[in-house]
Amino acid sequence: MLQEESKSSKMIRSILAAASPLRRISAARLCTSSITLTGVRPLGPKNKAPDFSGTAVVNGNFKTISMKDYKGKWLIIFFYPLDLISIMANTVAQWRCFSIWRDDPWFDSDTFVCPTEITAFSDRCAEFQKLNAELVACSCDSHFSHLAWVQTPRSEGGLGDMQIPVLADFNKDIANAFGVLDHETGISYRGLFLIDPNGEIRHSLVNDLPVGRSVDEAFRTLKAFQFVEKHGEVCPANWSDDKPTIKPGVKESKEYFRKVGGHT
């Protein structure tokens, strides 16, 4: 039993050692109230999406994916800080080496939000695909870390079966290209980018670490841009596909305002 425990402890130590550059981040850097957005300048609308390429976990296997794979489709690529942390915290707690790590501020980071976002998007993948849209999750972890997380049950903080690719950005080039990499911490903020079939960014947002993004809002935004592309009308605040749109133009727009009764 002691021999088995020793092997497991060594395994955990090796995982943590691989993350040691990030682990050395001070508590202040991980505290979202004091984070400085060092080098974070997210790409906005009308920018061409970076021609990224990398290894992803797809259906439990490693596969190289790139921006070129999504030509002619809508794409939502969303970044998250890190994976595996919740697994590491739970696993390390079972071994004697935990005494070294249990008080470390690293475990106070906001990566516990990550699995809720990724699984929420994955579970609704089919809805996006019906609209000719694909989803890709990405973080600055290795593809081996991604695979371990995917192979871990959701009940233990893992991702379980994934319907979407989980892209590895271990060298941080992709997060940097999209402008969501915090160079101080070496992790990405919760950036989300909606890219049209021509490879142009139409919508982007970046959340601070503690708050997850809304799948409903991402889906609504996708449908709104597709409606505009198809019909040439524009979508007002809080638009959904059962609500009226606006015909652009001084005279034409009055039809909408008369319908909603908000203007005279």
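Residues 1 to 264, numbered by full-length UniProt numbering, are exactly what the sequence shown covers, in order. Don't be surprised by glycine CBs; every beta carbon is placed ideally from N, CA and C.
Within the same chain, show all residues whose beta-carbon is closer than 6 Å to that of residue i, passing over the 5 residues directly before and after it, in chain order.
i           : result
residue 268 : Summary: the structure shown does not reach residue 268, with the chain confined to residues 1 through 264, and so no result is reported for it.
residue 266 : There is no way to answer for residue 266, as the model of the chain reaches only from 1 to 264.
residue 245 : 233 and 235
residue 42  : 179, 180, 191, 204 and 206
residue 212 : 113, 116 and 117
residue 108 : Only weak support is given to the placement of residue 108: the predicted model assigns it a pLDDT of 46, under 50, and the value that follows is read from those uncertain coordinates. Excluding positions up to five away in sequence, the list is empty.
In angstroms, rounded to a whole number, what distance separates the CA positions of residue i and residue j?
i           : j           : result
residue 201 : residue 77  : 11 Å
residue 147 : residue 224 : 34 Å
residue 127 : residue 118 : 15 Å
residue 210 : residue 113 : 7 Å
residue 138 : residue 80  : 6 Å
residue 256 : residue 180 : 38 Å
residue 116 : residue 216 : 14 Å
residue 154 : residue 120 : 12 Å
residue 220 : residue 239 : 8 Å
residue 229 : residue 235 : 11 Å
residue 261 : residue 64  : 52 Å
residue 189 : residue 206 : 7 Å
residue 1   : residue 152 : At residue 1, the pLDDT of 46 sits below 50, so the modelled position is not reliable and the matter cannot be decided from this model.
residue 249 : residue 231 : 14 Å
residue 166 : residue 241 : 30 Å
residue 269 : residue 45  : This structure cannot settle anything about residue 269, because the visible part of the chain is limited to 1 through 264.
residue 252 : residue 48  : 32 Å
residue 214 : residue 175 : 20 Å
residue 247 : residue 177 : 36 Å
residue 59  : residue 156 : 20 Å
residue 199 : residue 254 : 34 Å
residue 173 : residue 237 : 35 Å
residue 186 : residue 226 : 35 Å
In terms of residues, what are the limits of the beta strand (DSSP E) holding residue i?
i           : result
residue 139 : 133-139
residue 258 : Careful: residue 258 lies outside any beta strand (DSSP E), inside the alpha helix (DSSP H) at 254-260.
residue 55  : 53-58
residue 75  : 74-79
residue 166 : 166-168
residue 65  : 61-66
residue 174 : Careful: residue 174 lies outside any beta strand (DSSP E), inside the alpha helix (DSSP H) at 173-178.
residue 190 : 190-195
residue 205 : 201-207
Leaving out five residues before and five after residue i in sequence, what residues of the same chain have Cβ atoms less than 7 Å from its Cβ?
i           : result
residue 267 : The first residue shown for the chain is 1 and the last is 264, placing residue 267 beyond what the model contains.
residue 70  : 134
residue 73  : 132, 133, 134 and 197
residue 125 : 135, 163 and 164
residue 171 : none
residue 218 : 76 and 192
residue 243 : none
List the endpoints of the continuous alpha helix (DSSP H) containing residue i.
i           : result
residue 183 : No alpha helix (DSSP H) holds residue 183; DSSP gives it neither H nor E.
residue 239 : Run containing residue 239: none; DSSP gives neither H nor E here.
residue 147 : 143-150
residue 112 : Note, residue 112: premise wrong, no alpha helix (DSSP H); not H, not E.
residue 220 : 215-231
residue 125 : 125-129
Which residues in the same chain have their Cβ closer than 8 Å to the Cβ of residue i, if we skip the five residues on either side of it in sequence?
i           : result
residue 222 : 74, 76, 128, 131, 133 and 194
residue 51  : 66, 67 and 68
residue 62  : 55, 56, 143 and 147
Closer than 7 Å: is that where the CB of residue i sits relative to any heavy atom of the ligand FMN?
i           : result
residue 127 : Annotation note on the ligand FMN: not contained in the displayed structure, which lists no ligands.
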